[in-house]
Amino acid sequence: MKAIVINRYGSAEVLEYKEFPLPQVKPSHLLVRIHATSVNPVDFKIRRGEIRLFTGLINPRVRILGFDVAGEVVEVGKRVKSFRKGDQLYAFLGIRDGGAYAEYTSVPERSVAIKPANMSFEEAAAVPLASLTALQALRDKGKISAGKKVLINGASGGVGTFAVQIAKASGAVVAGVCSSKNIELVQSLGADSVIDYTKKDFTEDSQTYDIIYDVVANKSFSACKKVLTINGIYITTIPDPKTILQKLLTSVLPGKKAAFIMVKANSNDLDFIKDLIEAGKIKSVIDKTFPLSQVAAAHTYCEAGHSRGKNVITTQIRS
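The working numbering numbers the first residue of the sequence shown as 1150 and each following residue consecutively.
Encoded structure:
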């Protein structure tokens, strides 16, 4: 099969388009013919060697990056119970595993759900990692519920676009933070108000929030504390040492909390997201689409910043 392979850390030039052995199917896994995947910030963070403690100190343990899958089952392991050959599915591959920048991948059953019926493979490929990151942050950390005031910092990006929609579907009052060019997009996703960060700093405002979800991780807990309600929570996607310490301290003290999200593969959560999609409450926002052979170009584009939603990679499967 064709795949994008990485043998060392570095710039986008280390991504090689080449032949790679077809993955073997473990008893609890499915072999999936990938129709589409997508680029996430974790892809280029791994490629650049920024999280070596998880991915290998000298060289990357994960040879094939990519963590979102939308495709079709071509073989099932002997212990697989819920899926069969021909099923169209979507999945999130664990950060330690990867494997989606390829024509085929082996996926554990626990990470898989049937693809939303009203989405193409390309639309579905934009969903798993970003939507799970949003859902697990807002539901599990933020304890989101109807009427809560939620601010999404980075509302027009991959995770942010899903966070706005999930918060709105939960009945929350949603404020989105983005640049002026993305205000209409964030409004179209259901945000009750939109803050243009080029004109206003939400941490200097008088409005307070029950949940601040700092998707882009450019505001600290210390800066956000003054605009949290008395029992409000600040959630970030990047657990730097200071945030980890603040989480530990605030977890044993009353009042405002700091937290971070480490997304987990979960088929039940993907089923939940699927139901929201099929009910018309969530959609994927796609900025650009690239062929598998141009993953390096996709990385370069994403690393420049300011993507609207997700960037999708499609495969041209040979018969």
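We treat Cβ as the ideally placed atom computed from N, Cα and C, and that holds for glycine. Nothing here was measured: the structure is a model prediction, and the numbers come from that model.
- Listed in chain order, the beta strand (DSSP E) runs fully inside the segment 1262 to 1310 are 1298 to 1302, counting runs of at least 3 residues.
- When the Cα atoms are used, residue 1368 and residue 1443 turn out to be separated by approximately 33 angstroms.
- By the Cβ neighbour-count rule, residue 1345 is exposed, with fewer than 16 other Cβ atoms within 10 Å of its own.
- Membership of residue 1395 in the alpha helix (DSSP H) is indicated by the continuous run 1390 to 1400.
- In the structure shown, residue 1258 falls within a helical segment according to DSSP collapsed to helix, strand and coil.
- The DSSP assignment places complete beta strand (DSSP E) segments of no fewer than 3 residues inside the segment 1187 to 1259 at 1217 to 1225, 1237 to 1241, 1253 to 1257, in order along the chain.
- Comparing alpha carbon positions, the residue from 1389, 1385, 1361 closest to residue 1376 is 1361.
- For the set 1286, 1352, 1318, the Cα lying nearest the Cα of residue 1308 is the one of 1286.
- The beta carbons of residue 1427 and residue 1277 sit no closer together than 8 angstroms.
- Under the criterion of beta carbons closer than 8 angstroms, residue 1414 and residue 1203 do not qualify as touching, at roughly 15 angstroms.
- By the neighbour-count criterion, in which a residue is buried when 16 or more other Cβ atoms sit within 10 angstroms of its Cβ, residue 1314 is buried.
- The closest CA to that of residue 1213, considering only 1379, 1341, 1192, 1224, is found on 1192.
- Boundaries for residue 1324: no alpha helix (DSSP H) harbours it, while the beta strand (DSSP E) harbouring it runs 1322 to 1327, taken from the DSSP string.
- A Cβ-Cβ separation of about 38 angstroms leaves residue 1225 out of contact with residue 1303 under the 8 angstroms criterion.
- Residue 1463 sits in a strand when the DSSP states are folded into three classes.
- By the Cβ criterion, the segment 1157 to 1165 is in contact with the segment 1176 to 1196, since at least three pairs of Cβ atoms, one from each stretch, lie closer than 8 angstroms.
- The residue from 1322, 1274, 1380, 1353 with its alpha-carbon nearest to that of residue 1437 is 1274.
- Secondary structure at residue 1171: coil, using DSSP grouped into helix, strand and coil.
- Taking residue 1357 as reference, the option from 1374, 1291, 1216 with the minimal CA-CA separation is 1374.
- According to DSSP, residue 1385 shares a beta bridge with 1363, 1409.
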